[in-house]
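Novice: In case it helps, the working numbering puts the sequence shown at residues 2 to 169.
C-beta atoms are modelled at their ideal positions from N, C-alpha and C, and glycine is treated no differently.
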Amino acid sequence: MSIILDGSSLTIEKLVAIARHKEKVELGKEAIERIKVCRAMLEGKIQAREIMYGVNTGIGEFSEVVLTDEQVKDFQRYLIYNHSAGIGEPMPIEYVRGAIAGRINVHAHGNSGCRPEITLTLVEMLNKDCIPVVCQKGSVGACGDLAPMSQIALLMLGEGEAFYKGER
């Protein structure tokens, strides 16, 4: 039986079961709908040419630079490459599994603006035991997870390294 990630019912016990014991996960149906609604809202704002920091503008000192549609695609990929730097040994697989489960649970709130396919890919990565290699050191940013999440995103782009069923 899978653990359903819905944005509100994840407990420490469930997280441990996912991270350490490789329990299968599912994204709750209502969570998928919330993700779709938020994504549609974001796409509407993009089509309306509404300026949104880090979505269709640069970041940091380039925050007032508005990007073209083509630049937006390149910029999002660039952000992943730019933040995926890390050093040191790989984090234990269970840490990365826990981080992925946590990210799925955050997406399940329906406030991230990501495409449902992104969250569903994270679900499949856990369920198929295809876990990105994430370095122990190198995170930047206020939330402290930019480097690890970027290293996870690299695998979703078909790049980076992974542990598949425990083997690198």
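At which residue ranges does the stretch 125 to 159 contain complete beta strand (DSSP E) runs of 3 or more residues, listed in the order of the chain?
Specialist: Correct list: 131 to 133 and 136 to 138.
Novice: Residues bridged to V164 by DSSP?
Specialist: By 1-based counting over the sequence shown, the position of residue 164 is 163. The sequence shown places Phe at residue 164, not Val. Note: F164 sits in a beta bridge opposite I132.
Novice: Quick one: Cα of S151 to Cα of S85, how far?
Specialist: As a position in the sequence shown, residue 151 is number 150, starting the count at 1. As a position in the sequence shown, residue 85 is number 84, starting the count at 1. Roughly 5 Å separates the two Cα atoms.
Novice: Could you give the residue range of the alpha helix (DSSP H) that holds V107?
Specialist: Reading the sequence shown from its first residue, position 106 is the one you call residue 107. Here the alpha helix (DSSP H) through V107 covers I94 to H108.
Novice: In chain order, what are the residue ranges of uninterrupted beta strand (DSSP E) at least 3 long that sit wholly in the stretch 9 to 59?
Specialist: Complete beta strand (DSSP E) runs here, min 3: 26 to 28.
Novice: Would you call the CB atoms of L127 and I101 closer than 7 Å?
Specialist: The residue you call residue 127 lines up with position 126 of the sequence shown. The residue you call residue 101 lines up with position 100 of the sequence shown. Yes; because the gap between Cβ atoms is below 7 Å, this pair is in contact.
Novice: Apart from the five residues just before and just after T122, which ones in its own chain have a Cβ nearer than 7 Å to its Cβ?
Specialist: Position 121 of the sequence shown, counted from the start, is the residue given in the question as residue 122. Correct list, in chain order: M157.
Novice: Bridge partners of V67, per DSSP?
Specialist: Residue 67 sits at position 66 when you count from the first residue of the sequence shown. Beta-bridge pairing links V67 to T58.
Novice: Among the candidates V66, G99 and A49, whose CA atom is the shortest distance from the CA of E24?
Specialist: What you label residue 24 is simply residue 23 of the sequence shown in a count that begins at 1. Checking every option, the nearest Cα to that of E24 belongs to G99.
Novice: Work out the CA separation of P149 and L80 for me, nearest whole Å.
Specialist: As a first step, residue 80 must be located in the sequence shown, where it is residue number 79. As a first step, residue 149 must be located in the sequence shown, where it is residue number 148. Using only the alpha carbons, I get a separation of about 13 Å.
Novice: Compare the C-alpha of E31 against each of I19, G8, I60 and H22 and name the closest.
Specialist: Walking along the sequence shown from the start, residue 31 turns up at place 30. Among I19, G8, I60 and H22, the Cα nearest to that of E31 is on G8.
Novice: Assuming G89 is part of the beta strand (DSSP E), what are its boundary residues?
Specialist: The residue labelled residue 89 in the question sits at position 88 within the sequence shown. Segment I88 to P91, the beta strand (DSSP E) holding G89.
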